[in-house]
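Novice:
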Ligand code: GLV
Ligand code: MN
Ligand code: MN
Ligand code: MN
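In our numbering, the protein residues as written are 81 to 495.
(1) With distance defined between alpha-carbon atoms, name the residue in 97, 367, 391, 451 nearest to residue 415.
(2) Three-state secondary structure (DSSP) at residue 256?
(3) Would you say residue 159 and residue 209 are within 7 angstroms of each other, going by their C-beta atoms?
(4) Any idea if residue 279 is buried or exposed, counting beta-carbon neighbours within 10 angstroms, 16 or more meaning buried?
(5) Our contact map puts residue 298 next to residue 383 with C-beta atoms below 8 angstroms; I'd like the distance itself, whole angstroms only.
(6) Quick one: is the Cβ of residue 177 within less than 6 angstroms of any heavy atom of ligand 3?
(7) Determine whether the beta carbon atoms of residue 455 and residue 423 lie at a separation below 7 angstroms.
(8) Do residue 391 and residue 304 count as a contact pair if the criterion is CB distance below 7 angstroms?
(9) Distance, Cα to Cα, residue 125 vs residue 167?
(10) Quick one: does residue 287 have its CB under 7 angstroms from some CB of chain C?
(11) Flag this pair as yes or no: are the beta carbons of residue 433 and residue 310 separated by less than 7 angstroms?
(12) Let me know the secondary structure DSSP gives residue 286 once reduced to three states.
(13) Going by the C-beta, is residue 212 closer than 6 angstroms to any heavy atom of ligand 2?
(14) What separation, rounded to the nearest whole angstrom, lies between the Cα atoms of residue 372 and residue 193?
(15) For the putative contact between residue 143 and residue 258, defined by C-beta atoms under 8 angstroms, what is the C-beta separation to the nearest angstrom?
(16) Who are the Cβ neighbours of residue 469 in its own chain at under 8 angstroms, not counting the five residues just before and after it?
(17) Are the CB atoms of residue 346 and residue 339 within a distance shorter than 7 angstroms?
(18) Can you tell me where the beta strand (DSSP E) with residue 202 in it begins and where it stops?
(19) Cutting at 8 angstroms between CB atoms, please list the residues of its own chain near residue 81, excluding the five before and the five after it.
(20) Please classify residue 276 as buried or exposed, where buried requires at least 16 other C-beta atoms within 10 Å of its C-beta.
(21) Decide if residue 385 is buried, meaning its Cβ has at least 16 other Cβ atoms within 10 Å, or exposed.
(22) Can you grab the Cα-Cα spacing for the pair residue 216 / residue 363, in whole Å?
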């Protein structure tokens, strides 16, 4: 086994950073909540900015809200290496999703400095803004902006109250008219490597320590609006009702049926709203927000067509008008094989058990992969639980993942 670099402090500061981040959350909700587009998230990102500076990075927050820090290399090689993840959470989520990648990136920097290792390349550490889907149906906002993929159409996307995403950015101190300043020229970036918790059951079930990601799922989110007629629940016969709630419910079941076709296909109706939403009133309106996921872009196209048909059929049966809109999607993307080969070598040298795996969760890495060689490293999630308060990863697994990240970066930089 080749000599590998160990984390400074046995990773104590990494675990302390995770603990500190898990304290910056909305206490009124179960689990851990630091949603993007809130004051808490602004506070969280300023905390990350301060930690980057403490670690010796030249750090700033860019025009899209990304926290970016640079560790200078010795200038002997051209190009940059990037690593990071996100620190925003879903509502009542866990404290590891995203946070592990950011806290580990900081630990990599501290370890390099403590070990007296100067990379040949500059190392860029990033905490991407708003990775999780926001109320406007948009995810990976920071990575879309950085890679030039955030469009005017995204800024016009509305939440259920009819507010445009562009207007909501003010809370995050992001000026929608200056987003183009966040576009980064990535032509000299030789690698983006992201460490993340698996968020699924495979690694733990197999007793495997490290997952090497081959592909990231495609995600196709939608918003559907149903308009019927409000009526009395006791006097209106069933056959003349125009019940928007029933058309929405039929659509929710259609999502489930369509996505049950394949082992790798997924469909979720994560949000449903009825109006007026009262026990004794036939609902006049309903709204369902959901998504399909698959590693197969063709299947997603097919699922979209089937859902459109199904939703309209559910409406037609009941005289309910249906509008179905597809929101900002993510294409399925492969990770870089040459980069993953380096990670695989590092993991083997470290004597860790590992397996190649596909990611059913979306990641900023999917947007980075469109422009730069990208690899992802997964560590086990207890019971495969994630996007819930029960999300848990053992400290030893986090530290092993951070050490893989560290040694991968050192290897890429030829040290
Ligand atoms: C984000 O975490 C997603 O995969 O939805
Ligand atoms: Mn997530
Ligand atoms: Mn995540
Ligand atoms: Mn994600």
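Note that beta-carbon positions come from the ideal geometry of N, C-alpha and C, so glycine has one too.
Every value quoted in this text rests on a predicted model; they were computed, and no experiment measured them.
Specialist: For this structure:
(1) Residue 415 has its Cα closest to that of 451, out of 97, 367, 391, 451.
(2) If DSSP states are grouped into helix, strand and coil, residue 256 belongs with the helices.
(3) In this structure, residue 159 lies away from residue 209, with their beta-carbon atoms at least 7 angstroms apart.
(4) Its Cβ being crowded by 16 or more others within 10 Å, residue 279 is buried.
(5) Residue 298 to residue 383, Cβ: 10 angstroms. No contact.
(6) For ligand 3, at least one heavy atom lies less than 6 angstroms from the Cβ of residue 177.
(7) Their beta carbons are under 7 angstroms apart, which means residue 455 touches residue 423 by this criterion.
(8) Yes; because the gap between Cβ atoms is below 7 angstroms, this pair is in contact.
(9) Their backbone Cα atoms lie some 8 angstroms apart in a straight line.
(10) Among the protein chains of the structure shown there is no chain C, as only one such chain exists.
(11) Cβ atoms of residue 433 and residue 310: not closer than 7 angstroms.
(12) Reduced to three states, the DSSP call for residue 286 is helix.
(13) Between ligand 2 and the CB of residue 212, the shortest heavy atom gap is smaller than 6 angstroms.
(14) Using only the alpha carbons, I get a separation of about 44 angstroms.
(15) The pair is a contact, with the Cβ atoms about 5 angstroms apart (cut-off 8 angstroms).
(16) Excluding positions up to five away in sequence, the list reads 110, 111, 112, 172, 173, 174.
(17) Yes, they are a contact pair.
(18) Counting along the chain, residue 202 sits inside the beta strand (DSSP E) bounded by residues 202-208.
(19) The predicted model places residue 81 with a pLDDT of 45, which falls under 50 and marks its position as unreliable, so this point remains unresolved.
(20) Residue 276 sits buried, since 16 or more C-beta atoms from the chains shown fall within 10 Å of its C-beta.
(21) So residue 385 counts as exposed.
(22) Cα to Cα, residue 216 sits roughly 23 angstroms from residue 363.
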